[in-house]
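In order, the protein sequence lines correspond to chains Z and S.
The C-terminal residue of the first sequence carries number 751 in this note's numbering, and the numbering is unbroken.
The C-terminal residue of the second sequence carries number 187 in this note's numbering, and the numbering is unbroken.
Positions of the beta carbon are idealized from the N, C-alpha and C atoms, including for glycine.
Each remark here refers to the structure printed beneath this line.
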Amino acid sequence: MSGNEQLERELESFLGEEDSRVAALYRKLPQVQPGPEIDAAVLAMAHRAVRSSVRAPRARWIPGLGIAAAVLIAASVAIRLGPQVWNSHLQKTEHAVDQTSTLPDAKSNAGSASLPVLAPQPATAPAAPAKQLSRESGPPPPPAASAMPQPPPAPPIIPQSSARVVTPKVSARLLQNRANQAEHEDRAVPAMAPQAFPVESPAPARSETQTRSDANADMQAKPQRKLNKPAKTEHPAIVPPPPASAAPPAPRAQALPPPAAAHGQATAPPSPQLLRNSRLYPESWIAAIQKLIHDGHDKEARENLDYFRKKYPDYHLPADLEKFVDREK
Amino acid sequence: MGVEKTDEKLMLAYARGDTRAFDELYARTRGMLYRYILRSVNDRAGADELFQETWTRLVASRTRYRVEAKFTTWLLQIAHNLIVDSFRRTRPQAGAEEAEAVFRELDAPESERPEQLLGEFEQRRRLQLVLDALPSEQREAFLLRVEGGLGIEEISAVTGAGHETVKSRLRYALAKIREKFAQ
Numbered sequence: 423m424s425g426n427e428q429l430e431r432e433l434e435s436f437l438g439e440e441d442s443r444v445a446a447l448y449r450k451l452p453q454v455q456p457g458p459e460i461d462a463a464v465l466a467m468a469h470r471a472v473r474s475s476v477r478a479p480r481a482r483w484i485p486g487l488g489i490a491a492a493v494l495i496a497a498s499v500a501i502r503l504g505p506q507v508w509n510s511h512l513q514k515t516e517h518a519v520d521q522t523s524t525l526p527d528a529k530s531n532a533g534s535a536s537l538p539v540l541a542p543q544p545a546t547a548p549a550a551p552a553k554q555l556s557r558e559s560g561p562p563p564p565p566a567a568s569a570m571p572q573p574p575p576a577p578p579i580i581p582q583s584s585a586r587v588v589t590p591k592v593s594a595r596l597l598q599n600r601a602n603q604a605e606h607e608d609r610a611v612p613a614m615a616p617q618a619f620p621v622e623s624p625a626p627a628r629s630e631t632q633t634r635s636d637a638n639a640d641m642q643a644k645p646q647r648k649l650n651k652p653a654k655t656e657h658p659a660i661v662p663p664p665p666a667s668a669a670p671p672a673p674r675a676q677a678l679p680p681p682a683a684a685h686g687q688a689t690a691p692p693s694p695q696l697l698r699n700s701r702l703y704p705e706s707w708i709a710a711i712q713k714l715i716h717d718g719h720d721k722e723a724r725e726n727l728d729y730f731r732k733k734y735p736d737y738h739l740p741a742d743l744e745k746f747v748d749r750e751k
Numbered sequence: 005m006g007v008e009k010t011d012e013k014l015m016l017a018y019a020r021g022d023t024r025a026f027d028e029l030y031a032r033t034r035g036m037l038y039r040y041i042l043r044s045v046n047d048r049a050g051a052d053e054l055f056q057e058t059w060t061r062l063v064a065s066r067t068r069y070r071v072e073a074k075f076t077t078w079l080l081q082i083a084h085n086l087i088v089d090s091f092r093r094t095r096p097q098a099g100a101e102e103a104e105a106v107f108r109e110l111d112a113p114e115s116e117r118p119e120q121l122l123g124e125f126e127q128r129r130r131l132q133l134v135l136d137a138l139p140s141e142q143r144e145a146f147l148l149r150v151e152g153g154l155g156i157e158e159i160s161a162v163t164g165a166g167h168e169t170v171k172s173r174l175r176y177a178l179a180k181i182r183e184k185f186a187q
């Protein structure tokens with residue numbers, strides 16, 4: 423038998439279950455073992471790994487925590503933006519609250535327990551607050567239109583400080599009503615205006631409502647400041663309100679003096695039609711002017727157009743109106 | 005009498021968090037693994053380190069364990085990879101003087117060798133020296149067979165060598181050992 427064959431046989435024996443000589447010899451080698459300290463270290467490591475993996479479920483809280491944080495952020499954003507969305511609603515509510523809070527002060531100053539704060543106001547007294555006040559005090563107030571013809575009470579009766587309290591909460595509707603009243607008033611009435619309109623000066627009123635939260639005050643004041651802007655002019659009684667509370671996609675309207683002042687006719691009252699038209703959207707106003715021209719009311723058309731161009735200097739007039747302007751020149 | 009659990013079942017139980025299963029598995033395999041490593045690296049301190057590192061790797065990857073092969077194959081594969089890395093870092097691990105002594109003994113005629121006159125103790129010592137003198141691949145294959153009890157396919161899986169390559173390595177290892185002890 424060759425050496426190779428013997429080797430192959432031994433290999434087969436070595437690889438098989440048979441007890442080869444080499445394997446038997448190997449098994450006679452010392453059966454060394456790891457030291458006890460190594461055993462302890464390995465077992466401790468294995469047990470520690472299992473214990474730490476049992477604690478691992480704590481990580482399941484992380485997604486939950488993330489979701490909670492996201493909800494919290496969303497809620498805070500909603501709280502921040504909510505008042506803007508519900509601005510008009512809040513304004514109305516604030517009106518009622520404000521009037522109620524100022525009522526005792528007004529009462530003490532006026533010396534009459536039953537007299538509402540705004541009751542002694544001149545013809546410019548707003549209708550909306552009166553309505554809200556009526557809801558609080560019970561008896562329905564007279565409509566604003568019916569109050570207008572009444573002679574205004576003596577202004578000194580109402581101290582300015584108490585009257586100012588109402589001012590920062592003047593809404594767009596309030597200004598609209600004032601403008602409507604001014605529209606119906608004669609130009610002689612402006613003598614009353616300085617007494618009536620200090621009520622609407624925003625600065626002192628803001629100082630008295632400082633107890634309110636900043637956020638609310640900010641949100642309330644922003645639209646009001648916008649609306650009150652015209653009141654700061656020299657002719658507050660007849661300041662026309664902006665064309666619309668929601669700004670139309672039209673050229674930026676400029677704060678202008680009333681039409682009469684624009685014409686340099688301090689004494690000549692503007693036509694009611696002009697006042698009415700000035701509150702229209704620019705497009706509607708242009709259409710009204712075109713109708714005036716069409717109907718042959720060139721003078722009124724010219725008056726409207728002049729005021730329109732002052733109010734909307736950037737507005738591109740239609741060709742027919744441009745021609746009309748040229749022709750008038 | 006309860007049926008003894010296989011190594012694979014014990015490993016799966018440990019992967020689920022049963023530490024007693026690990027204790028039993030460790031008791032079964034610790035000696036085999038340690039000897040395989042020690043005889044591969046021929047250095048007690050290095051063997052201790054590699055032994056612990058092998059178990060650390062096993063514990064770390066316990067949840068990924070699947071019963072696709074014998075547990076000992078997986079365990080020895082981890083150890084083998086660590087040993088190979090160790091060789092790459094610290095070669096040559098055997099002392100030159102010791103290796104020279106082995107070669108001198110292997111080269112000497114059998115009749116002149118003193119071990120002929122010695123007992124079994126000396127035979128074991130010589131086997132150890134022969135094993136140390138084997139090329140690492142042949143020694144690995146031999147140890148995986150005699151210590152781990154792995155077959156050709158399993159040794160092939162552990163070492164990454166082909167079936168015939170493993171067989172050839174074993175053949176050469178046996179030839180050298182036989183040359184020393186057969187007569």
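If you draw a straight line from the Cα of residue 82(S) to the Cα of residue 485(Z), it comes to about 35 Å.
Comparing C-alpha distances from residue 475(Z) to each of 53(S), 65(S), 58(S), 29(S) shows the shortest one belongs to 65(S). In the displayed model, residue 464(Z) falls within a helix according to three-state DSSP. Counting only Cβ-Cβ distances below 7 Å, residue 33(S) has no contacts in chain Z at all, with the closest Cβ about 11 Å away. With respect to the C-alpha of residue 70(S), the residue from 14(S), 160(S), 89(S) having the closest C-alpha is 14(S). Membership of residue 716(Z) in the alpha helix (DSSP H) is indicated by the continuous run 704-717. The three-state secondary structure of residue 695(Z), taken from DSSP, is helix. Within a 10 Å sphere around the beta-carbon of residue 694(Z) sit fewer than 16 other beta-carbons, which makes this residue exposed. The alpha-carbon separation between residue 173(S) and residue 458(Z) amounts to approximately 35 Å.
Contact between the segment 722-735 of chain Z and the segment 692-711 of chain Z is present: 3 or more CB-CB pairs across the two stretches fall below 8 Å.
Within chain S, the C-beta atoms nearer than 8 Å to that of residue 444(Z) come from 150, 178, 181, 182, 185, in chain order. Within chain S, no C-beta atom comes less than 7 Å from the C-beta of residue 434(Z); the nearest is roughly 10 Å away.
As the crow flies, the alpha-carbon of residue 697(Z) is around 11 Å from that of residue 722(Z). Taking 8 Å as the cut-off, the Cβ atoms of residue 151(S) and residue 34(S) do not count as close.
Residues of chain Z whose Cβ lies closer than 7 Å to the Cβ of residue 81(S) do not exist, since the nearest Cβ in that chain is about 18 Å away. The count of Cβ pairs closer than 8 Å, one atom from the segment 450-469 of chain Z and one from the segment 123-134 of chain S, reaches three, so the stretches are in contact. The alpha-carbon of residue 24(S) is positioned some 35 Å away from that of residue 141(S). Under the three-state reduction of DSSP output, residue 442(Z) falls in the coil class, being neither helix nor strand. One finds nothing in chain S with a Cβ atom closer than 7 Å to the Cβ of residue 462(Z); even the nearest lies about 11 Å away. Within 7 Å of the CB of residue 26(S), the CB atoms of chain Z belong to 468, in sequence order along the chain.
Put simply, of 42(S), 62(S), 63(S) the residue whose alpha carbon is nearest the alpha carbon of residue 53(S) is 42(S).
Across the set 497(Z), 718(Z), 739(Z), the C-alpha of 739(Z) shows the shortest separation from the C-alpha of residue 707(Z). Those residues of the segment 50-62 of chain S placed with their C-beta closer than 7 Å to a C-beta in chain Z are 52, 55, 56, 59, 60, ordered along the chain. Using a Cβ-Cβ cut-off of 8 Å, residue 76(S) does not count as an interface residue toward chain Z, since no Cβ of chain Z sits closer than that to its own. Judged by DSSP secondary structure, residue 11(S) falls within the alpha helix (DSSP H) whose first and last residues are 11-19.
For the pair residue 176(S) and residue 159(S), the Cα-to-Cα distance works out to about 15 Å. In its chain, beyond the 5 residues on either side, 146 have a beta carbon closer than 8 Å to the beta carbon of residue 178(S). Within chain Z, 468, 469, 472 have C-beta atoms less than 7 Å from the C-beta of residue 23(S), given in sequence order. In this structure residue 11(S) is buried. Its beta-carbon is surrounded by 16 or more other beta-carbon atoms within 10 angstroms. DSSP places residue 162(S) in the uninterrupted alpha helix (DSSP H) bounded by 156-163.
The Cβ of residue 127(S) sits closer than 8 Å to at least one Cβ of chain Z. Listed along the chain, the chain S residues whose CB falls inside 7 Å of the CB of residue 458(Z) amount to none; the nearest CB is some 11 Å away. DSSP places residue 469(Z) in the helix class (H, G or I) of the three-state scheme. The alpha-carbon of residue 468(Z) is positioned some 12 Å away from that of residue 460(Z).
Using a Cβ-Cβ cut-off of 8 Å, residue 132(S) counts as an interface residue toward chain Z, since at least one Cβ of chain Z sits closer than that to its own.
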